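Residue numbers (the numbering used here): 663 to 932.
Each residue gets a CB set at the ideal place from its N, CA and C atoms; glycine is no exception.
Bear in mind the structure is a predicted one, so any value in this text is a computation, not a measurement.
Before any comments, here is the structure.
Take a look at the structure:
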């Protein structure tokens, strides 16, 4: 991963990882239906390639509020240098589906409401910076709305759920995408690095091949896809040797580090 040192961009090998089950490396064992921690998660694969030392505090089911709690709880154990790799949003945008199933006529809000998600995430980013860490925000891998609906609705009233969803599971995807979009906005607002790990899924011919049958967790192929994407972009930047920070801009089109994804795309097309 990268950080700014003086007027240069260099590789950093001290990583703090805060996130949910995706960054923890949780996958669904399709044989027994149980969730397991993969030994070849994308964090592990990229860290091994980069020679990084990783402190991974990610937790299954974590929201950004939990991330703030974890950061405060482990303050004394967190190095005052390196990168803070942040991956939140998937649980924040989710709903209490049993409650919706029972009372579809009522108003229901996500686990972390949209505006609160933005504010809490911003607070976490600022705490990381105050600690001397360089935040790296990860986008959300896409979900398969139909698979996810089939997973969480097994013991619920599907008719009530669909009524609340206005008759389509696409509503789930749209809400997920809204939270994903605000992560990119946060990266711009806070001038943080941003890795669009959603991109390789959406560019593949069949994104569902890289997602577990639950519709929300990348499978082992998905973790490899993310790792290859990250490693590829890091290697291209390393090939540029010592790049002046002044050449980078914090703009709306940033995807890897501020302003560089556009430059990489231009190189690919030249």
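Asked: How many Å lie between residue 893 and residue 847 at the Cα?; Found: 24 Å
Asked: Could you say if the stretch 726-740 and the stretch 707-715 meet the contact criterion of at least three C-beta pairs nearer than 8 Å?; Found: no
Asked: Can you tell me whether residue 692 is buried or exposed? The criterion is at least 16 other CB atoms within 10 Å of its CB, across all chains shown.; Found: exposed
Asked: Residue 697: which of 876, 895, 798 sits nearest, CA to CA?; Found: 876
Asked: Could you give the first and the last residue of the continuous alpha helix (DSSP H) run that contains residue 855?; Found: Counting along the chain, residue 855 falls outside any alpha helix (DSSP H), though it belongs to the beta strand (DSSP E) covering 855-857.
Asked: Around the Cβ of residue 736, are there at least 16 other Cβ atoms within 10 angstroms (buried) or fewer (exposed)?; Found: exposed
Asked: Which residue or residues does DSSP assign as beta-bridge partners of residue 746?; Found: 678, 797
Asked: If you reduce the DSSP assignment to three classes, tell me which class residue 735 lands in.; Found: helix
Asked: Taking the alpha-carbon positions, what's the residue 874 to residue 695 distance?; Found: 10 Å
Asked: Using three-state DSSP, classify residue 603 as helix, strand or coil.; Found: Since the displayed the chain opens at 663 and closes at 932, residue 603 lies outside it and no answer follows.
Asked: Grab me the residues of residue 827's own chain with a C-beta within less than 6 Å of its C-beta, minus the 5 sequence neighbours each way, in chain order.; Found: 833
Asked: Classify residue 771 as buried or exposed, calling it buried when 16 or more other Cβ atoms lie within 10 Å of its own Cβ.; Found: exposed
Asked: Under a three-way DSSP split, which group does residue 690 fall into?; Found: strand
Asked: Excluding the 5 residues flanking residue 889 on each side, which residues of the same chain have their C-beta closer than 6 Å to its C-beta?; Found: 704, 707, 708
Asked: Tell whether a beta-carbon distance below 9 Å holds between residue 799 and residue 854.; Found: yes
Asked: Check the DSSP bridge columns for residue 717 and list the partner residues they point to.; Found: 678
Asked: By Cβ distance, which residues of its chain are closer than 7 Å to residue 831, with the 5 residues on each side in sequence left out?; Found: 807, 808, 811
Asked: Could you spell out where the alpha helix (DSSP H) holding residue 817 opens and where it closes?; Found: Here residue 817 belongs to no alpha helix (DSSP H), and DSSP marks it neither H nor E.
Asked: Would you check if there are 3 or more beta carbon pairs closer than 8 Å linking the stretch 777-784 to the stretch 863-874?; Found: no
Asked: Here's the rule: buried if 16 or more other CB atoms are within 10 angstroms of the residue's CB, otherwise exposed. What is residue 825?; Found: exposed
Asked: Between the stretch 672-690 and the stretch 741-761, do three or more beta carbon pairs fall short of 8 Å?; Found: yes
Asked: Bridge partners of residue 697, per DSSP?; Found: 690
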